[in-house]
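Enquirer:
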Amino acid sequence: MDEHTRRPVAATLPRLAASQPPAPPRRTALSVDANHCALYGLCEQEAPDVFTLGVDGRLRYPPAVDAERVAAARQAARLCPMRAISLRDQP
Ligand code: SF4
Numbered sequence: 362m363d364e365h366t367r368r369p370v371a372a373t374l375p376r377l378a379a380s381q382p383p384a385p386p387r388r389t390a391l392s393v394d395a396n397h398c399a400l401y402g403l404c405e406q407e408a409p410d411v412f413t414l415g416v417d418g419r420l421r422y423p424p425a426v427d428a429e430r431v432a433a434a435r436q437a438a439r440l441c442p443m444r445a446i447s448l449r450d451q452p
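Using this note's numbering, the first residue of the sequence shown is number 362, and each one after it goes up by one.
Okay, here's the thing in structure tokens:
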């Protein structure tokens, strides 16, 4: 193949993009500011699949939530009276 028969790079891009594996599901980082959390438990009531208030008085939650649970986590963040819950989308 000489220089005149090569295809422009841009012409090959759609084909390359089509052969890429699907993007992994997006996840959203979750954190609770322990200095502000007053352990009211409203987040657990709103999103029991995300937050658990233990009998030891500790709030447990995963470091990130998947797309299925992010809406409930966002609603819990909106309802938290201490504004202690933070969510940050990850690429
Ligand atoms: S609702 Fe807010 S203050 Fe209450 S336990 Fe959850 S994070 Fe803490």
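Even glycine gets a Cβ: it sits at the ideal position worked out from N, Cα and C. Bear in mind the structure is a predicted one, so any value in this text is a computation, not a measurement.
State yes or no: is the C-beta of V393 nearer than 6 angstroms to some heavy atom of the ligand SF4?
Expert: Under cutoff, so the answer is yes.
Enquirer: What does the alpha-carbon distance come out to for the pair P452 and A390?
Expert: Cα to Cα, P452 sits roughly 10 angstroms from A390.
Enquirer: Among the residues of its own chain, which have a CB less than 8 angstroms from the CB of A425, if the five just before and after it don't count?
Expert: Once the five neighbours on either side are set aside, the close Cβ partners of A425 are R388, T389, A390, L391, Q451.
Enquirer: Which of helix, strand or coil does DSSP assign to V426?
Expert: Strand at V426.
Enquirer: Return the chain-ordered list of same chain residues with a C-beta closer than 7 angstroms to the C-beta of V393, the five sequence neighbours on each side being excluded.
Expert: Counting only Cβ-Cβ distances below 7 angstroms, and skipping sequence neighbours, we find L420, Y422, A445, I446.
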